[in-house]
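Everything in the sequence shown is counted per the UniProt record's numbering, starting at 1 for the first residue and increasing by one. Just so it is clear, CB atoms sit at the ideal spot from N, CA and C, and this is done for glycine as well. Only a predicted model underlies this, so the values are computations on that prediction, with no experimental measurement involved. So the structure is just underneath, and the comments pick up after that.
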Amino acid sequence: MDVSDVDVADADAASACVQCGHPHPSLIRRPLRPVRCSCRSCGAVFRPGPPPAPGRDGGRGAPAADPDPAHASAADDPRPADAGRDPMDAGRDRDDAGRDPARADLDGDPLAAFMPGRMVRWVRAQAGPEPVPDAPDRATLARWYKDFDALVAAARSSPEARAAVERVSDVPLDRLPVKPPAFSKVCAALHATCYDAGLAASRLAGADPAVVAERIGHLRRWLATAGRSTTWLEAAPAPDPDPAVVEELLTPPRSFTTDQVRALFGALFGVDKGPSVPGVRERFGDERVREALLAYLRTGERPLREAVAADLAAGSGPGLDPDLGPSPGPGPASGPGSDPGPGSGARADAS
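See below:
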């Protein structure tokens, strides 16, 4: 038996969140543990109160006697229930060890590889009893990032949103950016720079460096594992480029035509579209690109593709990036030079 009849009755009586008042919270049922409720709006987790006893005034009378002495003494105490308690704890439930479920230990949580701890706690709280994918696809992870960023932005003006953020975050709200680099923008910077963390960060200049490093570290790890299918390394193979066009690229042109871009990516990586031309040149340098083109012309090998795949795989393990940590996670060393822009379309300047 998972929960008692009393627990279920109490849960059925919980018609609104104790924190924000949102109706119809989700039930969380666990074997041999009291039933809990999870708010679909603000994420609060709480135990439902006892249902009202039948009586006058429309069926609502005085509450039934509580056999628990601790509850009875609390009822006789004229002070508020939260007296002597941190105001940030208001509305929070505690487990049997006195811990806050919203600040649960994240050791071993697979989602902690792809997002900061505050977002993991929020995702878990939002899902309630529903299962959460350990390896989220692009649409799911992008939605989580977008919705959590919107919640943090709203917390500046909404007490409810602020309370929801403070329940799950170990970082003060004033240290969380109102507009961090979006999920899609971070992924685009990584794709363009052959998944080089340092070069990708340079494309996101203007945002808080700690926030950029945190976001790059998590999303690079997702691209190396659960999101690997979205990388250009997994794109459909391109036709072999014309060797004559590849030979022309041994001396980089001032700007690349569409055919030259395709030939370059086809020879180096075996794909039609991939990183940006400036990103490749910064990541590896012109001399190494030339050597890779010669290797392709001689043997058909693609050493730079192998290098990108190996470097990305090396960064797929757990990183040392706590909330707003200083490191973007393991990654290859950045190439020389600076990135003039993210362009990788039909025509890309070589300089």
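Roughly how many angstroms separate the alpha carbons of residue i and residue j, rounded to a whole number?
{"i": "ARG36", "j": "ARG228", "result": "37 Å"}
{"i": "ARG302", "j": "ALA127", "result": "44 Å"}
{"i": "ASP311", "j": "GLU214", "result": "19 Å"}
{"i": "ALA182", "j": "SER276", "result": "19 Å"}
{"i": "VAL132", "j": "GLU291", "result": "46 Å"}
{"i": "LEU233", "j": "PRO243", "result": "22 Å"}
{"i": "VAL152", "j": "ARG288", "result": "44 Å"}
{"i": "HIS191", "j": "PRO25", "result": "41 Å"}
{"i": "TRP222", "j": "THR251", "result": "36 Å"}
{"i": "ARG138", "j": "THR225", "result": "12 Å"}
{"i": "LEU204", "j": "TYR195", "result": "14 Å"}
{"i": "GLY91", "j": "LYS146", "result": "The pLDDT assigned to GLY91 is 39, lower than 50, so where the model puts this residue is not dependable; a value taken from the coordinates is nonetheless given after this. So the two alpha carbons sit approximately 26 Å from each other."}
{"i": "THR231", "j": "PRO239", "result": "19 Å"}
{"i": "LEU293", "j": "GLU247", "result": "8 Å"}
{"i": "ILE28", "j": "SER38", "result": "7 Å"}
{"i": "ARG220", "j": "CYS187", "result": "8 Å"}
{"i": "GLY319", "j": "HIS218", "result": "At GLY319, the pLDDT of 45 sits below 50, so the modelled position is not reliable; the number obtained from the coordinates is stated separately. Each residue's alpha carbon lies about 8 Å from the other."}
{"i": "residue 438", "j": "ALA210", "result": "Outside the displayed range of the chain (1 to 351) lies residue 438, so it cannot be described from this structure."}
{"i": "GLY315", "j": "PHE269", "result": "20 Å"}
{"i": "PHE114", "j": "LEU304", "result": "26 Å"}
{"i": "ARG175", "j": "ARG156", "result": "12 Å"}
{"i": "VAL168", "j": "PHE284", "result": "41 Å"}
{"i": "GLU166", "j": "SER158", "result": "12 Å"}
{"i": "ASP7", "j": "PRO34", "result": "For ASP7, the predicted model reports a pLDDT of 45, less than 50, meaning its position is unreliable and no value from the coordinates is stated."}
{"i": "ALA125", "j": "TYR296", "result": "51 Å"}
{"i": "SER184", "j": "GLY279", "result": "17 Å"}
Excluding the 5 residues preceding and the 5 following residue i in the sequence, name in chain order all residues of the same chain whose CB lies nearer than 8 Å to its CB.
{"i": "PRO110", "result": "ASP134 and ALA135"}
{"i": "PRO78", "result": "Confidence at PRO78 is low in this model, with a pLDDT of 39, below 50, so its placement is unreliable and the value that follows should be read with caution. Excluding residues within five positions, none has a Cβ falling inside 8 Å."}
{"i": "ASP68", "result": "Low confidence applies to ASP68: its pLDDT is 42, below 50, so where it sits in the model is not reliable, and the reading given next is rough at best. Cβ within range, chain order: n/a, list empty."}
{"i": "ALA313", "result": "ALA224"}
{"i": "PRO129", "result": "SER26, LEU27, ILE28, ARG29 and SER38"}
For residue i, which residues from the same chain have a beta carbon less than 6 Å from its beta carbon, with the 5 sequence-adjacent residues on both sides left out?
{"i": "ALA235", "result": "VAL271"}
{"i": "TRP144", "result": "VAL123"}
{"i": "PRO241", "result": "ALA263, GLY266 and ALA267"}
{"i": "VAL245", "result": "ALA263"}
{"i": "MET119", "result": "PHE148"}
{"i": "LEU106", "result": "ALA112, GLY117 and VAL120"}
{"i": "ALA207", "result": "PRO181"}
{"i": "GLY274", "result": "TRP232 and PHE265"}
{"i": "PRO177", "result": "ASP208 and VAL211"}
{"i": "GLY108", "result": "none"}
Where do the ends of the alpha helix (DSSP H) carrying residue i lie?
{"i": "residue 352", "result": "Only positions 1 to 351 of the chain appear in the structure, and residue 352 is not among them; the question remains open."}
{"i": "LEU111", "result": "Where LEU111 is concerned, there is no enclosing alpha helix (DSSP H), given that its DSSP letter is neither H nor E."}
{"i": "ALA125", "result": "117 to 127"}
{"i": "ARG138", "result": "138 to 154"}
{"i": "PRO159", "result": "159 to 168"}
Can you name the start and end residues of the beta strand (DSSP E) that residue i belongs to?
{"i": "CYS37", "result": "36 to 38"}
Whose C-beta lies closer than 7 Å to the C-beta of residue i among residues of the same chain, with five residues either side of it excluded?
{"i": "THR140", "result": "PRO133"}
{"i": "GLY201", "result": "Contrary to the premise, residue 201 reads as Ala rather than Gly in this sequence. Only VAL212, ALA213, ILE216 and PRO328 meet the Cβ criterion."}
{"i": "ASP286", "result": "PRO252"}
{"i": "ALA161", "result": "LEU151, ALA154 and ALA155"}
Sort out for me which residues DSSP pairs residue i with in a bridge.
{"i": "ALA207", "result": "ALA205"}
At 4 residues or longer, what runs of the alpha helix (DSSP H) sit wholly inside the region 244 to 312?
258 to 269, 277 to 284 and 286 to 299
Length-filtered (4 minimum) alpha helix (DSSP H) runs lying within the region 174 to 242
183 to 192, 197 to 202 and 209 to 224
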